[in-house]
Amino acid sequence: MKDNKHYAAICQFYGDTRAERSGVLLTAHIDQGIALLEAIGAPLRAMEAFCIHPLVQDDGALLAALAPGSVFSAHQIDPVVVALAMEYRRVANAYLSHHCEGADDAIELSCVDEVNQMLIADKVQNRKDFERHHLGTHARSDTLQLYFANWLRRLGVSEERYAQLCGRAGAAAPQALISDVAAAEPG
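One rule links them: number in my numbering = place in the sequence shown (from 1) + 13.
Dropping the structure here:
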């Protein structure tokens, strides 16, 4: 994936930025997500859409992506991949942790298999990081634990499968050094 324009776009967008609480490079989420998508047999376009999903995830990022000279225009992002990322945005944002009320929360999935595969990769990776860095210490730890359990149950990921996938995500090596990707950027 390191030579893929969608991966290059997210590397340019994130740079060497790290998560505020854990200190983990934000690109690690992408690298681990790609490993998870490979593990579940997702097609390339799901991996490409996973790469760019942070570029459209919230309203501010979406507006920036639409601006002249944005990462989207610089990398000529594939419109089908954008459509998948936008469908991911719709489904993921419909059930965020602040929506979590109980174990029987209704969660809508996508009619698009690749989007549901992206959700599996995202929720497995996010739960793994939550358990590693925040379980029991975060102010909303109990709610977040239930939130991830709800998502994975709805996505059909058993605890056994979750543990298997965590092994795949944990073994994911970075696809490329940020400096290598930046040197290959257009312009």
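We put the CB at the ideal spot given by N, CA and C, even for glycine.
query = Grouping DSSP H, G and I as helix and E and B as strand, with all else coil, what is residue 186?
reply = Position 173 of the sequence shown holds residue 186. A caution first: residue 186 carries a pLDDT of 43, below 50, which makes its placement in the model unreliable, though a value can still be read off. Note: residue 186 maps to coil in three-state DSSP.
task = Return the residue from the list 101, 134 and 23 that minimises the CA-CA distance to residue 125.
result = The sequence position of residue 125 within the sequence shown is 112, counting from 1. Closest by alpha carbon: 101.
query = For the segment 93-146, which segments carrying the alpha helix (DSSP H) assignment without a break, of at least 4 residues, lie completely within its bounds, in sequence order?
reply = 126-146
task = Can you give me the start and stop residues for the alpha helix (DSSP H) that residue 13 sits inside?
result = Residue 13 lies beyond the range of the chain shown here (14 to 200); nothing can be said about it.
message = For the pair the segment 112-129 and the segment 82-89, tell me if three or more CB-CB distances fall below 8 angstroms.
response = no
inquiry  = What would DSSP say about residue 168, mapped onto helix, strand or coil?
reply    = The residue given as residue 168 occupies position 155 in the sequence shown. DSSP places residue 168 in coil when its eight states are reduced to three.
key: Residue nearest to residue 67 in terms of C-alpha spacing, selected from 20, 181, 123 and 163   = Taking the sequence shown and counting its residues from 1, the one referred to as residue 67 is at position 54. The residue with the shortest Cα to Cα distance from residue 67 is 20.
inquiry  = Quick check on this structure: which residue in 43, 37 and 74 has the alpha carbon closest to the alpha carbon of residue 61?
reply    = Here the question's residue 61 lines up with position 48 in the sequence shown. It is 43.
inquiry  = Taking the straight line between their C-alpha atoms, what separation do you get for residue 58 and residue 94?
reply    = Counting from one through the sequence shown, the residue named residue 58 turns up at place 45. Counting from one through the sequence shown, the residue named residue 94 turns up at place 81. Looking at the two C-alpha atoms, the distance is approximately 6 angstroms.
request  = Report yes or no: do three or more beta-carbon pairs, one from the segment 18-37 and one from the segment 119-134, lie closer than 8 angstroms?
outcome  = no
Contact check, residue 49 vs residue 104, beta carbons under 9 angstroms = Locating residue 49 in the sequence shown gives position 36, counting from the first residue. Locating residue 104 in the sequence shown gives position 91, counting from the first residue. No, these two residues do not count as a Cβ contact at 9 angstroms.
inquiry  = At the level of alpha carbons, what is the spacing between residue 37 and residue 141?
reply    = Against the sequence shown, residue 37 aligns to sequence position 24. Against the sequence shown, residue 141 aligns to sequence position 128. So the alpha carbons of these two residues sit roughly 13 angstroms apart.
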